[in-house]
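S.K.:
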Amino acid sequence: MAAYRDTLNTMRAGVIAGFMTRLAGSENKRAGDQFTNVLLMKDSTVTNFLKQMDYYGKSLSVGCTFCHAGAGKWDDDSKDAKKTARVMIELVNMINTQGLAKMAAGGGRAPRISCVTCHRGRQQPGQTLLPQ
Ligand code: HEC
Ligand code: HEC
Numbered sequence: 004m005a006a007y008r009d010t011l012n013t014m015r016a017g018v019i020a021g022f023m024t025r026l027a028g029s030e031n032k033r034a035g036d037q038f039t040n041v042l043l044m045k046d047s048t049v050t051n052f053l054k055q056m057d058y059y060g061k062s063l064s065v066g067c068t069f070c071h072a073g074a075g076k077w078d079d080d081s082k083d084a085k086k087t088a089r090v091m092i093e094l095v096n097m098i099n100t101q102g103l104a105k106m107a108a109g110g111g112r113a114p115r116i117s118c119v120t121c122h123r124g125r126q127q128p129g130q131t132l133l134p135q
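So, in structure tokens, the structure goes:
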């Protein structure tokens, strides 16, 4: 599993490096302006947006095409996994801003969850106890 994850990490890093080369000079521009079908993360910079994509892959131990229809079709929404990912992004934002933000936390900083809080490198966190 560790070797499989390494392969996926390398694959995702290669795809992102390609994007960074093509978008050289636009790294700090808004993702919403540089890409055509960004609905939720419009205000991220291109660099942070692509880092986030890598993080999604890492959180679920998947490659880019788990959610995307393929190279050159990044704006296509036909895969269920991409649609689900949008629901998940909103779920995480909701838990952080409407839930955990109310928690009395030390240091004045409320705790936050992210994809890895549930997924931990698995596609389907489900309800089973680890290890599976
Ligand atoms: C877990 C699902 C998931 C994975 C894995 C994933 N993406 Fe995404 N990707 C999304 C979602 C969801 C959006 C739309 C975000 C939004 O609407 O704000 C998106 C949008 C994009 C866009 C913008 C396309 C456009 O023109 O609108 C690019 C480029 C992109 N992803 C690249 C990547 C790359 C490169 C990888 C692999 C390193 C990757 N994605 C991995 C879910 C994923
Ligand atoms: C509160 C827990 C939780 C968090 C946080 C969470 N997920 Fe999920 N995710 C789930 C559950 C539960 C499922 C349904 C699959 C299952 O039953 O295991 C799921 C399913 C998915 C699927 C579909 C997987 C498949 O095999 O079709 C994707 C894609 C996904 N999540 C992406 C994300 C992304 C991206 C994030 C961060 C923005 C995220 N999730 C955060 C709990 C979570």
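Residue numbering for the sequence shown follows the working numbering, starting at 4 and increasing by one per position. Note that CB positions come from ideal geometry on N, CA and C, so glycine has one too.
Could you tell me if the beta carbon of Met180 falls within a distance shorter than 7 Å of some heavy atom in ligand 1?
M.R.: Residue 180 cannot be examined here, being either before or after the span of the chain that is shown, 4 to 135.
S.K.: Report the residue ranges of all alpha helix (DSSP H) runs contained in full by the region 37-113; include only those spanning at least 4 residues, in chain order.
M.R.: 49-63 and 83-97
S.K.: Going by Cα to Cα distance, which pick from Ser64, Lys85 and Met23 is closest to Tyr7?
M.R.: Ser64
S.K.: Is Thr39 near ligand 1 - that is, is its Cβ less than 7 Å away from at least one heavy atom of it?
M.R.: yes
S.K.: Thinking C-beta only, is Ala34 closer than 8 Å to Ser47?
M.R.: Yes, Cβ-Cβ distance for Ser47 and Ala34 is below 8 Å.
S.K.: Closer than 8 Å by C-beta to Ile116: which residues in its own chain qualify, once you throw out the five before and the five after it? Chain order, please.
M.R.: Val95, Ile98, Asn99 and Leu103
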